[in-house]
Structure formats: structure tokens, C-alpha cells
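Heads up: the structure comes next, in C-alpha cells.
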Amino acid sequence: MISPQSPAAASPARARLLETASRIFYADGIRHVGVDRIMAEAQVTRTTFYRHFPSKEDLVLAHVEQRDQQIRSAVTGTFRTTTAPEALLIMLMAGIGEEICGPGFRGCPFINAAVEYPDPEHPVRQAVQAHRSWFRQTVLNLVIAAGCQDSEHTTAVLVLLRDGAMAGGDLGDPASVREHLMRTARTVLADGRAAG
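Numbering-wise, this note's numbering puts 327 at position 89 of the sequence shown, and it's gapless, one number per residue.
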């Protein structure tokens, strides 16, 4: 059963478990990885593991929520560099382009988790959906601020571009995917401003 972690639960062992699990889950998938492997690679005892994560599902949820917080923090950092909404949207897409060209890239961690947790009521799937809702709202706010007339359509297209780039960057040539992502994002924004 998935249970919330208390602030006191933060410890070096918990951080090591979460870091190890996140690395392995991303590289090898979630369902195929057992807690024994995670404990061995994190060099913690079974007692330590279960003190911090009552079940593997708790660890998976923490993994998804941590990745969400990392991305939100990175976006917040980007927002400190400029207040121009179109520039922020381009920077957001550029960040996605950099991610897909990074070493060890294996697709979107949220889409990967959603594939393994198809039940929309499962807490892991709900955490994935919370991230996607936040991302979509962030893009929508910027699209509106950039003066795009059909903001819902422009937002939907940019989110689809993000999803497609995440899949394409894993399955195809990441540099080519990044180039097309950036060109298309600029075109979508220009078309959005010109509409109406």
C-alpha cells in the first residue's frame, strides 16, 4: 500500500535508494526490476529499504514525484532568465531537445511509467497525470501570454510535439528530432500569433 513519507524520512539511505531506483527504473523498466536488485546496488539492508518505502509501489511513486519536482525546478530556473513568454516557450522546447540528445536517453520517464501503470486510478498513474497537467498548464499560460489567438490548439500542438520528440528521440536520430522539434515549435508559435 502506498503511504506518504514524512519529512523525517529524508536520510542518506533513502536518497541513495531513490537515486538508484530511478536510474534502474529508467534504464530497465519498472516492473522488471525487483527490490533485491535495488537494495544490492544502493547497498542498503532490507530493513532499511522497508523503513523508507513500505512497498516497491511507494518507491515507484517517489521516483515519479521526484522526477516531476526536478523538472518543475528546472522550469522555474528558466523563468528567472527572462519574462518574455515566447522566449520561455522556445527555451522549454530547447530543454526537451537537449534531454533527448543526452547520454542514456530512453524516452519520457512519465510515458514509460504510464505504460507500466495503465490503471488511471493507480497512484503512480495519477502522479504521471499530475505532471502532465502541470506541463500543459505551464505551456498554456505562456501561449496566452505570447498572444496566440487559438491558445488551446497551440498548446495541444506543443504538448504533442513534446511527446513526439520524446518518443522519436528514443527511436530515431536524436539530433534530427531536436532540429525538427525546434523548427516546428517556432512555426506553431508564429502561426498561433498570426491566427485571428
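Glycine included, each C-beta is placed from N, C-alpha and C at the ideal position. Keep in mind it's a predicted model, so treat the numbers as computed, not measured.
Item: With a cut-off of 8 angstroms, do at least 3 Cβ pairs link the region 409 to 418 to the region 329 to 342?; Value: yes
Item: What ranges does the alpha helix (DSSP H) occupy inside the region 247 to 293, keeping only unbroken runs of at least 4 residues that lie completely in it?; Value: 250 to 266, 273 to 280, 284 to 290
Item: Can you give the Cα-Cα distance for Arg305 and Phe317, rounded to whole angstroms?; Value: 19 angstroms
Item: From what residue to what residue does the alpha helix (DSSP H) around Gly207 run?; Value: The chain is shown only over 239 to 434; residue 207 falls outside these bounds and no answer can be derived.
Item: Take the Cβ of Thr285 as the centre, count every other Cβ of all protein chains shown within 10 Å, and call the residue buried at 16 or more, exposed below.; Value: exposed
Item: Expressed to the nearest angstrom, what Euclidean distance is found between the alpha-carbon atoms of Val377 and Ala251?; Value: 36 angstroms
Item: For Ala352, which of Leu256, Ile268, Thr258, Ile262 has the nearest alpha-carbon?; Value: Ile268
Item: Determine the burial state of Ser389: buried for a count of at least 16 other Cβ atoms within 10 Å of its Cβ, exposed for fewer.; Value: buried
Item: Out of Asp429, Leu327, Thr422, which one is the CA nearest neighbour of Asn379?; Value: Leu327
Item: Given a cut-off of 9 angstroms, decide if Ser249 and His290 are closer than it, judged by their beta-carbon atoms.; Value: yes
Item: If you run the structure through DSSP and keep just helix, strand and coil, what is Phe373?; Value: helix
Item: Note down the Cα distance separating Pro292 from Val381, rounded to an integer number of angstroms.; Value: 42 angstroms
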